[in-house]
Amino acid sequence: MEKLSDRDKKHLWHPLTQHKVSPDVLAISRASGALLYDEDGKEYVDGIASWYTCMYGHCNPFILDKVMDQMQRLDQVVFSGFTHEPAVRLSEELVKILPEGQQKLFFSDNGSTATEIGIKMALQYHFNQGQKRNVLLAFEEGFHGDTFGAMSVSGLSVYNGPFEDFFIEVERIPVPTKENIGSVLTQLEHRLKNNNLAGFIYEPLVQGAAAMKMHDAEGLDKILALLKECGVLLIADEVMTGFGKTGLPFASDYLQTKPDIVCLSKALTAGLIPMGLTTCTEEVYMAFYSDDIAKGLFHGHTYSANPLACTTALAALELLQSEEIQQSIKAISQWHQQFGEEIKDHPKVGSIRQLGVIFALDLNVKMERYGNLRNKLFTHFMDQGVFLRPLGSTIYILAPYVTTKDQMERIYSAIRSALELV
Ligand SMILES: *Cc1c(COP(=O)(O)O)cnc(C)c1O
384 MEKLSDRDKK HLWHPLTQHK VSPDVLAISR ASGALLYDED GKEYVDGIAS WYTCMYGHCN
444 PFILDKVMDQ MQRLDQVVFS GFTHEPAVRL SEELVKILPE GQQKLFFSDN GSTATEIGIK
504 MALQYHFNQG QKRNVLLAFE EGFHGDTFGA MSVSGLSVYN GPFEDFFIEV ERIPVPTKEN
564 IGSVLTQLEH RLKNNNLAGF IYEPLVQGAA AMKMHDAEGL DKILALLKEC GVLLIADEVM
624 TGFGKTGLPF ASDYLQTKPD IVCLSKALTA GLIPMGLTTC TEEVYMAFYS DDIAKGLFHG
684 HTYSANPLAC TTALAALELL QSEEIQQSIK AISQWHQQFG EEIKDHPKVG SIRQLGVIFA
744 LDLNVKMERY GNLRNKLFTH FMDQGVFLRP LGSTIYILAP YVTTKDQMER IYSAIRSALE
804 LV
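The numbering of the sequence shown is my numbering, which starts it at 384 and goes up by one.
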């Protein structure tokens, strides 16, 4: 029988892939906990939790049981005019841990739609009140997804080049540092004299796709406070940072000024079933609540609030709050700290950074985001049985919470040997 990885080539077109230069894909046949197995049976530690989704481990039996039970009773129903227990319970449970003030949940299918809806909420919030605020503010190098609104506010041009002419209007500011915060605030104050900014979308504290670039909470807080004062809606894109990765349930929990809108996906449904969620405050919701039908948010997806996805999210939330997972988050943070101490003075290590279970190191070498040296590193890791996906010269770890000490040691050891390779 021909291998899956060869049969794949005939009809399949993969995401973020230039097939002419990267023709090969690896077929994964099963997964369990922090481990992936390829079609030849070789084992890999999933060092990035399959894009930060499977934080409670692949095929988690606790989650599977709940979903299998739910799927015998209700699979899918239209969410306009109907509701169901998994959605109602999820809203009740999630509101308890969301950043302060978040009261209403709007469902969609993925992270891009979650941010797209956040942007539409911010624009229509002002529109409904007869204010002409039609510009979005975003961070340089942010990433918010691949649909048009989400692309517009993202700052990575490899992804966006051909579409730039069609973008909604966006202005960008640098992420805050101790050095630039003064001038960023001065420029913003000046900019805010023209009050046409509808919302500010930001990945709080960690910019995932920008290679886990981290910024200062104090600086971000000052920016958020200033914008909030001027009526600019704060849209926290916690698609990557949400659900414990930073050490607290949400990165916004480190900040004084709370968001008006929060975008969620990825670990929300633990890698099992896709779902996106855009949550907002009562105040945002009330700008849509009217006798006038046209003031409603006329956005919907066929699978909005799918009962199986909601059940998955509920089970994941229960795990997140369990003593066991909370302990694991603390333990992994400590292992990362020790590993950071060990390698920080290595001549090939430029800098390291860490927040919660997110660890990143920049190599002291010039590399392209998708260049040859990057590919050599990737191949090295896979040979060592470790799935890490370096971004340019940054190597980062965002392994599942259930990763054992031995498995994490395999990741560290693959990174140690990679340092001798570059
Ligand atoms: C992954 C990601 C998105 C997009 O989510 P998709 O489910 O891939 O569409 C948006 N924002 C952030 C911060 C992300 O990490």
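By construction, the Cβ of each residue, glycine as well, lies at the ideal position given by its N, Cα and C atoms.
Would you mind reading off the limits of the beta strand (DSSP E) that contains residue i?
| i | result |
| --- | --- |
| residue 518 | 518 to 522 |
| residue 414 | 411 to 415 |
| residue 554 | 553 to 556 |
| residue 428 | 426 to 429 |
| residue 487 | 485 to 491 |
| residue 780 | 777 to 780 |
| residue 743 | 741 to 746 |
| residue 676 | Careful: residue 676 lies outside any beta strand (DSSP E) and carries neither H nor E. |
At what residues does the alpha helix (DSSP H) containing residue i begin and finish?
| i | result |
| --- | --- |
| residue 568 | 564 to 574 |
| residue 703 | 690 to 703 |
| residue 796 | 788 to 804 |
| residue 390 | 387 to 394 |
| residue 736 | Residue 736 -> not in any alpha helix (DSSP H); beta strand (DSSP E) instead, spanning 732 to 738. |
| residue 631 | Careful: residue 631 lies outside any alpha helix (DSSP H) and carries neither H nor E. |
| residue 536 | 531 to 536 |
| residue 656 | Where residue 656 is concerned, there is no enclosing alpha helix (DSSP H), given that its DSSP letter is neither H nor E. |
| residue 604 | 600 to 612 |
Does at least one heavy atom of ligand 1 sit under 7 Å from the Cβ of residue i?
| i | result |
| --- | --- |
| residue 597 | no |
| residue 524 | no |
| residue 592 | yes |
| residue 452 | no |
| residue 648 | yes |
| residue 623 | yes |
| residue 547 | no |
| residue 528 | yes |
| residue 498 | yes |
| residue 586 | yes |
| residue 443 | no |
| residue 493 | yes |
| residue 636 | no |
| residue 391 | no |
Kindly give me the distance between the Cβ atoms of residue i and residue j, rounded to whole angstroms, as I take these residues to be in contact under 8 Å.
| i | j | result |
| --- | --- | --- |
| residue 667 | residue 643 | 5 Å |
| residue 680 | residue 640 | Actually they do not touch by this definition, with Cβ atoms about 24 Å apart. |
| residue 764 | residue 743 | About 15 Å; that fails the 8 Å criterion. |
| residue 776 | residue 802 | Going by Cβ atoms, the distance from residue 776 to residue 802 rounds to 12 Å, so no, they are not a contact pair. |
| residue 738 | residue 629 | 5 Å |
| residue 489 | residue 462 | Actually they are not in contact, since the Cβ atoms of residue 489 and residue 462 sit about 10 Å apart, beyond 8 Å. |
Worksheet item: How about the stretch 452 to 462 and the stretch 682 to 692: do they share at least three Cβ pairs that are nearer than 8 Å?
Response: The stretch 452 to 462 is in contact with the stretch 682 to 692.
Worksheet entry | Any 3 or more C-beta pairs closer than 8 Å across the stretch 609 to 625 and the stretch 576 to 590 | The stretch 609 to 625 vs the stretch 576 to 590: in contact.
Worksheet item: Pairing CB atoms from the stretch 498 to 512 with CB atoms from the stretch 659 to 672, are three or more of them under 8 Å?
Response: In the pairwise beta carbon analysis, the stretch 498 to 512 is classified as touching the stretch 659 to 672: at least three pairs are separated by under 8 Å.
Worksheet entry | Cβ contact (3+ pairs, closer than 8 Å) linking the stretch 645 to 654 and the stretch 694 to 713 | The stretch 645 to 654 vs the stretch 694 to 713: in contact.
Worksheet entry | Any 3 or more C-beta pairs closer than 8 Å across the stretch 422 to 431 and the stretch 763 to 776 | Yes, the stretch 422 to 431 is in contact with the stretch 763 to 776.
Worksheet item: Between the stretch 504 to 524 and the stretch 574 to 588, do three or more beta carbon pairs fall short of 8 Å?
Response: With the cut-off at 8 Å, the stretch 504 to 524 and the stretch 574 to 588 touch.
Worksheet item: Taking contact to mean at least 3 C-beta pairs separated by less than 8 Å, is the stretch 404 to 424 in contact with the stretch 436 to 450?
Response: Judged by pairs of C-beta atoms under 8 Å, the stretch 404 to 424 touches the stretch 436 to 450, as three or more such pairs exist.
Worksheet item: Taking contact to mean at least 3 C-beta pairs separated by less than 8 Å, is the stretch 527 to 537 in contact with the stretch 545 to 555?
Response: A contact is defined here as three or more CB-CB pairs under 8 Å, and the stretch 527 to 537 meets this definition with respect to the stretch 545 to 555.
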